[in-house]
Amino acid sequence: MVGCGVRDWRTDPTFAMCRALVDGADPASFAGGAFDVRAVVAGVLSGARSGLLLDAVPWGNFPHGGDAREAVHLLRTGDNSARHATDVLGGLCANDSRAAAALAVPFLIPIATDARHAHRAAALAVLSGPARARHFGVASRDELLLHRTDPRRHAPDGYDDYGVEVTGYPAGWSVAAARAAITAEAPVLLPLLNDCDPTIRIDAAYALATAADLDHTVRTALAARFATEHDATVRAALLLAVAETTRAHAHPPTVWWFRERWQDQAEAPEVRLAAAIGWLCLTDEPAPEDLHQTLDTFATDERAHALDALPWMNAAAGSGEPGLRRCIRCMLHPEEPEPWDDPWAFSL
Numbered sequence: 001m002v003g004c005g006v007r008d009w010r011t012d013p014t015f016a017m018c019r020a021l022v023d024g025a026d027p028a029s030f031a032g033g034a035f036d037v038r039a040v041v042a043g044v045l046s047g048a049r050s051g052l053l054l055d056a057v058p059w060g061n062f063p064h065g066g067d068a069r070e071a072v073h074l075l076r077t078g079d080n081s082a083r084h085a086t087d088v089l090g091g092l093c094a095n096d097s098r099a100a101a102a103l104a105v106p107f108l109i110p111i112a113t114d115a116r117h118a119h120r121a122a123a124l125a126v127l128s129g130p131a132r133a134r135h136f137g138v139a140s141r142d143e144l145l146l147h148r149t150d151p152r153r154h155a156p157d158g159y160d161d162y163g164v165e166v167t168g169y170p171a172g173w174s175v176a177a178a179r180a181a182i183t184a185e186a187p188v189l190l191p192l193l194n195d196c197d198p199t200i201r202i203d204a205a206y207a208l209a210t211a212a213d214l215d216h217t218v219r220t221a222l223a224a225r226f227a228t229e230h231d232a233t234v235r236a237a238l239l240l241a242v243a244e245t246t247r248a249h250a251h252p253p254t255v256w257w258f259r260e261r262w263q264d265q266a267e268a269p270e271v272r273l274a275a276a277i278g279w280l281c282l283t284d285e286p287a288p289e290d291l292h293q294t295l296d297t298f299a300t301d302e303r304a305h306a307l308d309a310l311p312w313m314n315a316a317a318g319s320g321e322p323g324l325r326r327c328i329r330c331m332l333h334p335e336e337p338e339p340w341d342d343p344w345a346f347s348l
């Protein structure tokens with residue numbers, strides 16, 4: 001629960017805040033202030049695009065803030081250590097410590113949307129990480145494509161029941177801040193769906209799927225791109241993005257549209273597989289026989305490994321099991337043990 005930088009952890013204000021929360025302090029006492037990443041992100045959104053100085057932001061008020069600040073600095077300047085920078089930001093999310101990564105999002109979006117920037121792909125690949133709560137290794141129907149920590153809640157999201165991160169920081173505040181930044185900048189991210197680089201199109205869909213989409217603008221744009229997209233893997237990504245945003249903002253006609261996609265024999269296998277996974281996440285209906293047949297036919301080992309190129313499937317993977325395989329097992333055969341619990345898993 002230690003802050004960042006060279007300051008003595010015993011006097012680090014972030015440590016004091018997190019310790020206070022762990023000891024029972026009311027998070028509301030910090031809401032809207034300098035330790036509320038939601039408030040800080042709201043204050044820097046416009047300044048980040050106009051070149052706001054990194055040092056004008058209170059990075060030190062958030063766990064590992066100095067590390068996040070340095071990562072953003074390396075990406076902005078085009079430093080050759082960009083891979084290390086994205087590893088740092090991705091690692092914060094993977095380690096359930098998102099606050100500082102969420103604070104980085106307003107700075108990452110201008111990099112990602114600058115076609116001339118050398119590290120735009122790297123920035124785009126990590127900017128939506130803090131907008132998804134605890135999604136690594138998640139592959140069940142209840143939880144995949146759901147940014148919440150509690151799949152049982154269907155009420156409008158108040159971000160008040162996400163629990164705390166490993167540092168003691170309110171997890172919901174980090175997720176809310178990241179999603180607010182992506183929502184605010186959705187108009188500049190949407191054109192990336194038409195980028196000439198398929199990887200950019202995939203990662204743009206992944207980021208946009210976390211935006212609040214009450215007017216269905218994002219879902220409409222994703223579906224429109226799907227109608228013109230020719231790359232099968234990108235088409236699969238667009239479907240998963242549509243499913244994710246539809247899960248957050250229900251739209252019954254889209255559920256039927258997904259069923260048509262995995263039943264369409266003219267579609268590429270990757271597309272039918274993504275549509276089947278998306279449909280399973282959008283409905284509680286039992287999986288019909290033709291869906292089982294679709295998955296059995298097309299979910300080959302080779303294709304499952306190839307689809308780990310999609311960030312949703314990559315996040316769902318675990319213990320050497322590709323994300324697609326893990327999703328199929330967890331969604332259709334939840335009674336089967338995890339690979340590491342199977343006594344025969346390592347028997348040859």
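Heads up: the sequence shown runs through residues 1 to 348, numbered per UniProt numbering. For each residue, glycine too, the CB sits at the ideal point set by N, CA and C.
Check                                                                                                                        : Outcome
Cβ pair count under 8 Å reaching 3, the region 87-94 against the region 60-78                                                : yes
Supposed contact pair Ala186 and Ala211 - C-beta distance, whole angstroms, cut 8 Å                                          : 5 Å
With 16 other Cβ atoms within 10 Å as the buried cut-off, status of Thr113                                                   : buried
Limits of the alpha helix (DSSP H) - the one that Ser174 falls within                                                        : 171-184
Three-state class that DSSP yields for Val166 in the structure shown                                                         : coil
Among Leu332, Ala118, Ile109, the one whose alpha carbon lies nearest that of Thr77                                          : Ala118
Identity of the residues DSSP links to Gly318 by a beta bridge                                                               : Glu321
Proximity below 9 Å, CB of Ala180 to CB of Val40                                                                             : no
Nearest neighbour of residue 400, chosen from Ala122, Arg141, Ile109 [CA to CA]                                              : What is shown of the chain runs 1 to 348, which leaves residue 400 out entirely.
Minimum length 3: unbroken beta strand (DSSP E) runs contained in the region 200-229                                         : none
Given Thr217 as reference, the closest of Leu190, Glu267, Asp195, Pro170 once Cα atoms are compared                          : Leu190
Segment limits, alpha helix (DSSP H) that includes Ala290                                                                    : One detail in the question is off: residue 290 reads as Asp in this sequence, not Ala. 289-298 is the span of the alpha helix (DSSP H), which, as asked, contains Asp290.
Backbone secondary structure at Glu270 - three-state DSSP                                                                    : helix
Residue closest to Leu282, alpha-carbon to alpha-carbon, out of Thr300, Phe258, Asp231, Glu270                               : Phe258
Residue environment, Arg38, which counts as buried when at least 16 other CB atoms sit within 10 Å                           : buried
Proximity to Pro123 [Cα-Cα], best of Glu143, Thr199, Ser174                                                                  : One point to set straight first is that residue 123 is Ala, not Pro, in the sequence displayed. Considering only alpha carbons, the answer is Thr199.
Reduced DSSP secondary structure (H/G/I, E/B, other) of Ala115                                                               : coil
Inter-residue spacing [alpha-carbon to alpha-carbon] between Ala20 and Asp161                                                : 18 Å
Local Cβ density within 10 Å of Ser319, reported as buried at 16 or more and exposed below that                              : exposed
Beta-carbon contacts of Glu336 that lie in its chain and below 6 Å, excluding the five residues immediately before and after : Arg329
Secondary structure of Leu146, DSSP reduced to three states                                                                  : coil
Residue from Phe136, Val57, Asp96 whose Cα sits closest to the Cα of Val166                                                  : Asp96
Close-in-space but distant-in-sequence residues of the same chain around Trp173 (CB under 6 Å, 5 per side omitted)           : Val37, Arg38
Ala155 to Ala275 span [Cα, whole Å]                                                                                          : With a pLDDT of only 48 at Ala155, under the threshold of 50, the placement of this residue in the model should not be trusted; the figure read from the coordinates follows. Between Ala155 and Ala275, the C-alpha separation is close to 25 Å.
Collapsed DSSP secondary structure at Val242 in the structure displayed                                                      : helix
C-beta atoms of Pro27 and Pro170 nearer than 9 Å                                                                             : yes
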